[in-house]
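Encoded as structure tokens, the structure appears first; notes follow it.
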């Protein structure tokens, strides 16, 4: 079945540590996104990528980094510069970045600080 | 900038009750409007969408009409079921200043048997 796979489901970060969240899609979609979800705040865009080897900052990119070396993969690194990383992270994809395109989401990764 | 405002939850209803979740938006262009649903521990999935004024999106008994004059996209269902318990997100997308989908804060719905 086609879809988006995020791993791990739960992740714990120690102080000063960088951690990487995985996101893989087999939908042959060009565009991929990372959102952060905090209780009561909806989803906020961290980074997005319209094509391979290209990505743009979203609204809350500070303390995060991404890469897009393959069409299928869009990993997110939460760096030690992100002082409040505890949140639910959602990866999404769409065929393109047209305004009518719906987003397909993975099941999310819950990141917590030890 | 663009924004989406949803009614605060949680909303608690009995089975077979009528549901309305209000959503209003602010946009500089001509956005497409969406409702997404999130079940516990999962990602979001598209429930319905509308791409221009007066369009009605519908799916699984849920409906929403794109009202440009009131900048609204309220979600309705005539008879809710326990299985409809979830968080519902209103969202818009347009290409003003670069492509983005902007989400409301979400409204949690509890349906009691």
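Residue numbers (my numbering), protein chains in the order written: chain P, 232 to 345; chain U, 737 to 849. Heads up, the beta-carbon is just placed ideally off N, CA and C, and yes, glycines get one too.
Under a CB-based cut-off of 7 angstroms, is residue i close to chain U?
i: residue 274/P; result: yes
i: residue 321/P; result: yes
i: residue 288/P; result: no
i: residue 305/P; result: no
Around the Cβ of residue i, are there at least 16 other Cβ atoms within 10 angstroms (buried) or fewer (exposed)?
i: residue 332/P; result: buried
i: residue 369/P; result: Any question about residue 369/P goes unanswered here, given that chain P covers just 232 to 345.
i: residue 746/U; result: exposed
i: residue 309/P; result: buried
i: residue 817/U; result: exposed
i: residue 272/P; result: exposed
Hey, how far is the Cα of residue i from the Cα of residue j?
i: residue 293/P; j: residue 313/P; result: 7 angstroms
i: residue 296/P; j: residue 242/P; result: 17 angstroms
i: residue 738/U; j: residue 251/P; result: 30 angstroms
i: residue 779/U; j: residue 321/P; result: 7 angstroms
i: residue 846/U; j: residue 826/U; result: 17 angstroms
i: residue 303/P; j: residue 824/U; result: 28 angstroms
i: residue 749/U; j: residue 815/U; result: 10 angstroms
i: residue 760/U; j: residue 844/U; result: 17 angstroms
i: residue 742/U; j: residue 811/U; result: 10 angstroms
i: residue 325/P; j: residue 257/P; result: 11 angstroms
i: residue 283/P; j: residue 299/P; result: 5 angstroms
i: residue 790/U; j: residue 800/U; result: 10 angstroms
i: residue 234/P; j: residue 758/U; result: 30 angstroms
May I ask which residues mark the beginning and end of the beta strand (DSSP E) holding residue i?
i: residue 830/U; result: 822-830
i: residue 812/U; result: 811-813
i: residue 795/U; result: 792-795
Would you mind giving the Cβ-Cβ distance between residue i and residue j, rounded to the nearest angstrom? I have them listed as a contact below 8 angstroms.
i: residue 336/P; j: residue 268/P; result: Their Cβ separation, rounded to whole angstroms, is 10 angstroms, which puts residue 336/P and residue 268/P out of contact at 8 angstroms.
i: residue 334/P; j: residue 837/U; result: 6 angstroms
i: residue 783/U; j: residue 772/U; result: 6 angstroms
i: residue 769/U; j: residue 786/U; result: 5 angstroms
Any Cβ of chain P within less than 7 angstroms of the Cβ of residue i?
i: residue 790/U; result: no
i: residue 830/U; result: yes
i: residue 841/U; result: yes
i: residue 779/U; result: yes
i: residue 768/U; result: yes
Margin query: Taking beta-carbon pairs under 7 angstroms, can you tell me which members of the region 318-345 of chain P lie near chain B?
Written below: Note that chain B does not occur in the displayed structure, where the protein chains are P and U.
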